[in-house]
Structure formats: C-alpha cells, structure tokens
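Per my numbering, the very first residue in the sequence shown carries number 1; after that it's consecutive.
Here a beta-carbon is modelled for each residue, glycine too, at the ideal position from N, C-alpha and C.
On a predicted model such as this, the values are computed, not experimentally measured, just so you know.
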Amino acid sequence: TQVLQAEGFSYSIAPLFEKRDVDRLHLTPTADGRVILYVRNEALETHYINHLELIEVAHEPGETALPDQQRQPVLVSGITAPARVRDRAGRDLAEIVRAPDGVLFSSYPETVRGVSTADLDDYIDMTMAAPTGADSVAVLLDMRNSLLNTVLLYDHMLGAPGIRSLDWVNRDLDHIGNAIEMGQWYNSRMGMRISVLDGGKYRQVARISDSGPIAFRDNAIVVPAIRSGGDSVRIRLSFTADNWRIDAIRTATVLR
1 TQVLQAEGFS YSIAPLFEKR DVDRLHLTPT ADGRVILYVR NEALETHYIN HLELIEVAHE
61 PGETALPDQQ RQPVLVSGIT APARVRDRAG RDLAEIVRAP DGVLFSSYPE TVRGVSTADL
121 DDYIDMTMAA PTGADSVAVL LDMRNSLLNT VLLYDHMLGA PGIRSLDWVN RDLDHIGNAI
181 EMGQWYNSRM GMRISVLDGG KYRQVARISD SGPIAFRDNA IVVPAIRSGG DSVRIRLSFT
241 ADNWRIDAIR TATVLR
C-alpha cells in the first residue's frame, strides 16, 4: 500500500529560487531491508528534480530525528506539550495541537475577516518550561499549508496577468534583481516567522517557508532558550492569517 509521505511544494517557480527540500519520512523497510519510494508529479504541472537522495540518521531509542529550519537533521528527546498555547484571538489551543491526531488549528474566522494590507498576521503564543543546562530548545511543528498560497500564486499572480505571466516566469525572473525583489516580498509575507520574547519584546530568530497544502510536514525549529518571567521560554509563531493548518505543536530538548 502506498502512503503519502511528503510533498515537493513548487515555491521555486524560477531557476533562481531553486533550493533543497528535506522531509522526514515514516518508513517501514521490506523484509529484505529495502526502502521503496514512488515519486509522482501532478498531471498538469511539471516539477524539475535535479537531485534526489535518501538520508539516514542513526539515533538511540527515545530520540527523534527531524529536519530543522536550515534543512539539517537534528536529534531531539523529551517531547512534550507546551505549558500554554493561545492564538491571536485568545483561544486556548492546548487540546487542538497537543498531538498529531487530525484535529487541526486554523485561523479564527474573525481574525481572517479583520486582516488588512497593514496587518495580515495571525499568531500563536506559547510558553514552555526552560530547559535545565541548555541554551536552546526545539519547537516541533506538524503542519501543512492551506490553499491560500496556491490561490495567491495561480489565480492572482499568474492567472490575472494572463499570457504575460509566461514572460514573467521565463524571462523576468531570470534577472537577479527581479528575483531578489520577488523573494523579499514573499519572505516578508508568507511562510512562518518564529520569535522569542527577549527583554519584553519578541525578537525573530527563525523562519520557515511554505511546504504545500497536501502532505503534513514535521519540523524542528531550534530557538534560543531565553528565559522570560522566571523559568519559562515564551515563543511566538507569526504567519499570514489562514495560511497554515497545524496538527501538533510540541517542544523538546535538543540533543545534537
């Protein structure tokens, strides 16, 4: 039986945006020790794959290997739910994001209706116990995108200009200046920004890109364990409202 494990999201709409994509796979080898993967493309869309490899990470029982925000493997242990987790609307999300169980977080409808060009964001604030003798912690996210990014790209950025979009993708985005401008615009609005409360203000310490609306992705975001209000670390996940569907938010100790 084939089971969907990962999605190569097509945010790299031009060669200059191409980058490495790393996904955690939940695999069961065959009886003779083989791992069989099927890579399928969408029928109406072409993806260019220049390199494909399977990465194995050896670890001890009780440890979990995940890709971090730099797409590098990191080992974590002591996975637990945060002490407190609420969204911008003030909702207690503890039961919704406690474990990957198919019960998903999405932005509160009033938050979505209240967005403007000056304020696009929703956010989730979480509090976790500060680790003993460690200067960093991991935020584990099990999530996928909504269709917001897909609709924005295909219906508006590509669909609205019509045939002129062919020149934009095939010619304009081959120029480094245009690509930088596009990348800066995208990075400032899409994806997810991770901040830590430091001296009474949230300071951004990491960012992750959109990963696609089909397959859930496991991430481990390693952030500095800056103590706030005693022995706790306060973290904010900021994103354009309605851009994410989150199955689980947990915390863990970073091993290596």
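Give the range of the beta strand (DSSP E) segment to which residue i is assigned.
i, result
"THR240", "232–240"
"LEU166", "Taken as a continuous stretch (DSSP letters only), LEU166 belongs to no beta strand (DSSP E), being part of the alpha helix (DSSP H) at 164–170."
"VAL115", "It is not in any beta strand (DSSP E) - VAL115 carries neither H nor E in the DSSP assignment."
"LYS201", "201–208"
"SER195", "192–198"
"VAL76", "73–80"
"LEU66", "64–67"
Report the option in the options whose CA atom is closest to the CA atom of residue i.
i, options, result
"ASP198", "GLY230, ARG171, GLY212 and ASP174", "GLY230"
"PRO73", "ASN243, ARG245, ARG234 and VAL222", "VAL222"
"PRO109", "ALA241, GLY191 and ILE246", "ALA241"
"ALA248", "VAL3, PRO15 and VAL103", "VAL103"
"HIS59", "ALA94, SER77 and ASP32", "SER77"
"THR127", "ALA138, VAL39, GLY133 and ALA118", "ALA138"
"SER116", "ILE180, SER106 and ARG189", "ARG189"
"LEU140", "ALA6, ASP21, LEU16 and ALA252", "ALA252"
"SER228", "ARG144, LYS201, ASP142 and SER238", "LYS201"
"GLY133", "LEU255, THR1 and GLN2", "LEU255"
For residue i, count the other beta carbons within 10 Å of its own beta carbon; 16 or more makes it buried, fewer makes it exposed. Which is it?
i, result
"TRP185", "exposed"
"THR80", "exposed"
"LEU27", "exposed"
"LEU25", "exposed"
"ILE246", "buried"
"ILE195", "Sequence check: residue 195 is Ser here, not Ile. SER195 is buried by the Cβ-count criterion."
"GLY191", "buried"
"ASN243", "buried"
"PRO82", "buried"
"THR64", "buried"
For residue i, which beta-bridge partners are listed by DSSP?
i, result
"ARG245", "ARG144"
"LEU255", "For LEU255, which the question treats as bridged, DSSP gives no partner whatsoever."
"ASP121", "THR240"
"PRO224", "SER136"
"ASN219", "LEU141"
"MET128", "VAL233"
Which stretch, first to last residue, makes up the alpha helix (DSSP H) that contains residue i?
i, result
"ARG84", "No alpha helix (DSSP H) contains ARG84, which is instead part of the beta strand (DSSP E) from 84–87."
"ILE176", "176–189"
Can you find a CB in chain B that lies within less than 8 Å of the CB of residue i?
i, result
"VAL22", "Note that chain B does not occur in the displayed structure, where there is just one protein chain."
Just to check, is the beta-carbon of residue i closer than 7 Å to a non-hydrogen atom of the ligand SAM?
i, result
"ILE194", "Questions concerning the ligand SAM fall outside what the structure shown contains, since it holds no ligand whatsoever."
(message) Counting beta carbon pairs with one atom in the stretch 110–130 and one in the stretch 81–100, are three or more of them shorter than 8 Å?
(response) yes
(request) Could you tell me whether the stretch 160–174 touches the stretch 207–216, using the rule of 3 or more Cβ pairs below 8 Å? (result) no
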